[in-house]
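Okay, so here's the structure we're looking at.
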Amino acid sequence: MVKSSIRVLPDFVQVYYFIGSIFDPAINGHLQKLKKMDRIDVETVLLLMRNLSVNLTSPDFEHHRRLLCSYEIDKERDSSANKSNSNQLESAV
Numbered sequence: 029m030v031k032s033s034i035r036v037l038p039d040f041v042q043v044y045y046f047i048g049s050i051f052d053p054a055i056n057g058h059l060q061k062l063k064k065m066d067r068i069d070v071e072t073v074l075l076l077m078r079n080l081s082v083n084l085t086s087p088d089f090e091h092h093r094r095l096l097c098s099y100e101i102d103k104e105r106d107s108s109a110n111k112s113n114s115n116q117l118e119s120a121v
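Offset between the sequence shown (1-based) and my numbering: plus 28.
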């Protein structure tokens, strides 16, 4: 009798790599990749994405959301300030 092995734990490397790739605009074909994954990995991806969605929309996360939003604004300001400073230096030379 041949026993088929059933995985009981997800492949977390594949799961988190897939979730990370969702946020990378240079990577596409997510649906095809999801279809090729084992069922337990797909279920884990869906569970983690649902958990992420709930956490991001939770009022408890509001402080973190504001902090992240302010970082992006400050980062853009710093970037434009650096460009302005380098343009001023080039003009002075």
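Every residue, glycine too, gets a C-beta built ideally from N, C-alpha and C.
query: For Asp66 and Leu95, the rounded distance between their alpha carbons; result: 37 Å
query: Stretch pair the region 39-50 + the region 62-78: three plus CB contacts closer than 8 Å; result: yes
query: Met77 versus Ser98 - alpha carbon distance; result: 24 Å
query: Heavy atom of the ligand GDP within 7 Å of Leu76 beta-carbon; result: This structure lacks the ligand GDP, and indeed carries no ligand of any kind.
query: Outcome for Pro53 when other beta-carbon atoms lying within 10 angstroms are tallied against a minimum of 16; result: exposed
query: 8 Å CB neighbourhood of Arg55 in its chain, flanking five on each side removed; result: Residue identity differs from the one stated: residue 55 is Ile in this sequence, not Arg. Cβ neighbours of Ile55 beyond the five flanking positions: Ser49.
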